[in-house]
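A.B. asks: Can you read through this structure? Questions will come right after.
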Amino acid sequence: ETGMGIRRLDEAWPQSVGRACTSASRSCWKIIELDATATVLANRQDESEQSRKKLIEQSREFKKNTPEDLRKQVAPLLKSFQGEIDALGKRSKEAEAAFLNVYKRLIDVPDPVPALDLGQQLQLKVQRMHDIETENQKLRETLEEYNKEFAEVKNQEVTIKALKEKIREYEQTLKNQAENIALEKEQKLQNDFAEKERKLQETQMSTASKLEEAEHKVQALQTALEKTRTELFDLKTKYDEETTRAEVAQREAETLREQLSSANKSLQLATQIQKAPDVAIEVLTRSSLEVELAAKEREIAQLVEDVQRLQGSLTKLRENSSSQISQLEQQLTAKNSTLKQLEEKLKGQADYEEVKKELNILKSMEFAPSESSGAQDASKPLEVLLLEKNRSLQSENATLRITNSDLSVRCAELQIQLTEAVSTLAGQKELIAKLEHDLSTIQALTAVHRPDAEGAAIPSLEKIPEPIKEATALFYGESTSFPEGQVDSLLSIISSQRERFRARNQELEGENRMMQHTVHALQSELDNLRADNIKLYEKIKFLQSYPGRGSSRDDTEQRYSSQYEERLDPFSSFSRKERQRKYLSLSPWDKATLSMGRLILSNKTARTVAFFYTLFLHCLVFLVLYKTAWSESVGRDCVAYCAKKYADHIHKFHKDGDAGDMLQ
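Numbers 1 to 664, taken from UniProt numbering, label the letters of the sequence shown in order.
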């Protein structure tokens, strides 16, 4: 294989050299712009003609405007310039003529750039074919390794079968236990449902009887209230009559008093007129009037007593009637409240027929296994239907658990196979990197190697592996070469082997696609089974919602219960939406601060680094403040010390006058 790799490198070397030459010639042909050069030359010829004409006119003007002495002195210089310019023009014309001849010959030749592009593309395709051949060789090696791994996996099928038998036994025992538990729960559900139905009927009967009694009591209270109202009205009419009689008696007494006063006045007048003869008449009239007045006063007193007695009885009657009315009103409000409660309870239980109808519909929908047995199920009670439905649900749940366990086992096996494939892929990548390194060393060796006649410098072979050294020795003729027929037979064997490996590679790719398809199908089936399990848990929870069931739960029921509650919880979804809305409404720096805080709080290393960083910053700030305060205090102390020393010096070495002069 190493010799074949060296041979491939030897074949690829001239191809790479030819590709480089082709790309170089293509770039050179792209750079050459003959048309543009020809147009530039034509433009330059026109410009040179115009400039020549201008120069001739300027020389004529110069000859006219300059004296002869100056012209004679400048004439040889102008002639030399003219000769050089003519020589340069002749040379440029010859170069332009040569370029135009070459351009005329090349203008009919087709552009070689497309041909060079096509050749470069063909060279790239050939290089790609060589790369594909090397990849096929690597794939053959990987296929051999996969075949070995598949043979090892087939040897493990016997142990897998034994484990599957044990799993079936465990599943059978679990199924029996689940059936027993289901029967117990069904019996409890039946008893609870019967007891609840009996209590519901009793409560309905009691509420109906209480409602009738309340209606009778309300009617009796209404009749009593009407009687009290009529009695109160009669008493009010009697009181009004007595008050009118008392008022009439008072008015009569007042009239009598007025008459008495008028009589007294008339008597006084009569006494003044007839004192003596009319004394007897006055006495008689006064006595009669006094008797009449006393009778009227007695009648008035009796009427006043009657009025007071009637007022007392009226007040008592009012108090009694008000107390009775308040009691009756309280009783009426209580009866009305109880009546409202009973009506509300009756309204709440008014859908009994509807619930019964819905229950029958639910029985016909949920508990009818087939169309032929629909009439038989209609006659069965609800407990029997619940028992049958619970059994079917338990059996379905058991089958789903079995399939779920099988799928989990299969998923675990596929995960193990995936990890093994990843590990083998990593090993193959390392091997490929090693082979590429070896091939690069071989390529460097072939690039440097030259015949001994040219004075080739042999590189140091210390870092080249031994198989590569042997392959290079075989390749460069240090050993015997293969015959031509043997080489052809080897090529045919290698080509047939390549075809076989290619077919095997296609088969393995098809199997890989099928395995991926099955994995996706199993994943989708697992998701569907999880959703079905949640729905089954919802139905089981509906069946277990009646009181009296046990509080024991297994792990599977607890898991699906948590999933079911999370799916139905509106507060969690609302809190998630609100949290997302608040997060989106934050400003960018707030989001950055929040994410940084979460990152620091979620990682122990980040928390430690943040703590020590904060501590370092605080220490640095305190140190800087301390250094600043210390430097300021030292400066103040130095200033004070210098001022003190200066004052001591002035006081010690100078007198007051000198000090005053110095200060001035």
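Where a beta carbon is used, it is the ideal one built from N, C-alpha and C, also for glycine. Everything numeric in this text was worked out from a predicted model, so none of it was measured.
1) Is it buried or exposed, residue 208, if we count other Cβ atoms within 10 angstroms and call 16 or more buried?
2) Between the Cα of residue 325 and the Cα atoms of 223, 637, 340, which residue gives the shortest distance?
3) When you compare only the Cα positions, how much space is there between residue 116 and residue 37?
4) Does the distance from the CB of residue 328 to the CB of residue 225 come in under 8 Å?
5) Short check: CB of residue 186 to CB of residue 387, under 8 Å?
6) Report buried or exposed for residue 537, applying the criterion of at least 16 other Cβ atoms within 10 angstroms of its Cβ.
7) Can you name, in chain order, every residue of its own chain whose Cβ lies under 6 Å from the Cβ of residue 344, other than the five neighbours on each side?
8) Tell me whether residue 587 sits in a helix, a strand or coil according to DSSP, three-state version.
9) At which residues does the alpha helix (DSSP H) containing residue 654 begin and terminate?
10) Around the C-beta of residue 249, are 16 or more other C-beta atoms found within 10 angstroms, so that it is buried, or is it exposed?
11) Count the other CB atoms within 10 Å of the CB of residue 310; is the residue buried (16 or more) or exposed (fewer)?
12) Do residue 519 and residue 620 count as a contact pair if the criterion is CB distance below 8 Å?
13) Decide if the segment 401 to 415 is in contact with the segment 120 to 140; the criterion is three or more beta carbon pairs, one per stretch, under 8 Å apart.
14) Rounded to a whole number of angstroms, what is the C-alpha to C-alpha distance between residue 549 and residue 334?
15) Does DSSP put residue 66 in a helix, a strand or coil?
16) Exposed or buried, what is residue 303 when buried is set at 16 or more other beta-carbons lying within 10 Å of its beta-carbon?
17) Is residue 603 helix, strand or coil by DSSP?
18) Skipping 5 residues on each side, what residues in its chain have a beta carbon closer than 6 Å to that of residue 647?
19) Spatial neighbours of residue 645 within its chain, please: CB distance less than 7 Å, with the 5 preceding and 5 following residues excluded, ordered by chain position.
20) Exposed or buried, which one is residue 580 when buried takes at least 16 other CB atoms within 10 Å?
21) Output yes or no for whether 8 Å exceeds the beta carbon distance between residue 332 and residue 221.
22) So is residue 189 buried or exposed if we call it buried at 16+ other beta carbons inside 10 Å?
23) Does the segment 69 to 78 come close enough to the segment 113 to 132 to have 3 or more Cβ pairs within less than 8 Å?
24) If you measure between the beta carbons of residue 200 and residue 346, is that distance less than 8 Å?
25) I need the straight-line Cα distance from residue 430 to residue 143, nearest angstrom please.
26) Between the Cα of residue 542 and those of 390, 499, 230, spot the shortest distance and give me the residue it belongs to.
27) Count Cβ pairs between the segment 393 to 407 and the segment 506 to 515 that sit closer than 8 Å; are there 3 or more?
28) Going by the CB atoms, is the gap between residue 146 and residue 508 shorter than 8 Å?
29) Ordered along the chain, which non-local residues of its own chain (more than five positions away) have a Cβ less than 7 Å from that of residue 182?
30) Assuming residue 600 and residue 606 form a contact by the criterion Cβ under 8 Å, report the distance between their Cβ atoms to the nearest whole angstrom.
31) Assign residue 533 to buried or exposed, taking buried as 16 or more other Cβ atoms, counted over all protein chains shown, within 10 Å of its Cβ.
C.D. replies: So, to answer that:
1) Answer is exposed; the Cβ neighbour count stays below 16.
2) Of 223, 637, 340, the smallest CA-CA separation from residue 325 is found for 223.
3) Rounded to the nearest angstrom, the two C-alpha atoms are 23 Å apart.
4) Cβ atoms of residue 328 and residue 225: closer than 8 Å.
5) Against a cut-off of 8 Å, the Cβ pair of residue 387 and residue 186 comes out as a contact.
6) Buried: at least 16 other Cβ atoms inside 10 Å.
7) Closer than 6 Å at the Cβ level, and outside the excluded window around residue 344, lies no residue.
8) Residue 587 falls in the coil class under three-state DSSP.
9) Taken as a continuous stretch (DSSP letters only), residue 654 belongs to no alpha helix (DSSP H), as it is neither H nor E.
10) Classification for residue 249: buried.
11) It counts as buried.
12) With respect to the 8 Å criterion, residue 620 and residue 519 are not classified as neighbours on the basis of their beta carbons.
13) Short answer: they don't touch.
14) Summary for residue 549: the model assigns pLDDT 47, below 50, so the residue's position carries little reliability, and this model does not support an answer.
15) Correct three-state label for residue 66: coil.
16) By the neighbour-count rule (16 or more Cβ atoms within 10 Å), residue 303 is buried.
17) DSSP places residue 603 outside both helix and strand once states are collapsed to three, so it counts as coil.
18) Closer than 6 Å at Cβ, skipping near neighbours: no residue.
19) Excluding positions up to five away in sequence, the list is empty.
20) The Cβ neighbour count for residue 580, taken over all protein chains shown within 10 Å, is under 16; the residue is labelled exposed.
21) Going by C-beta atoms, residue 332 is nearer than 8 Å to residue 221.
22) With 16 or more other Cβ atoms within 10 Å, it is buried.
23) The segment 69 to 78 makes no contact with the segment 113 to 132: fewer than 3 CB pairs, one atom from each, lie closer than 8 Å.
24) Going by C-beta atoms, residue 200 is not nearer than 8 Å to residue 346.
25) Here the alpha carbons of residue 143 and residue 430 stand approximately 17 Å from one another.
26) It is 390 whose Cα lies nearest to the Cα of residue 542.
27) Flag = no, the segment 393 to 407 and the segment 506 to 515 do not touch.
28) Yes, the Cβ-Cβ distance between residue 508 and residue 146 is below 8 Å.
29) Excluding residues within five positions, the ones whose Cβ falls inside 7 Å are 390, 391, 394.
30) That pair is a contact at about 5 Å.
31) That one is buried.
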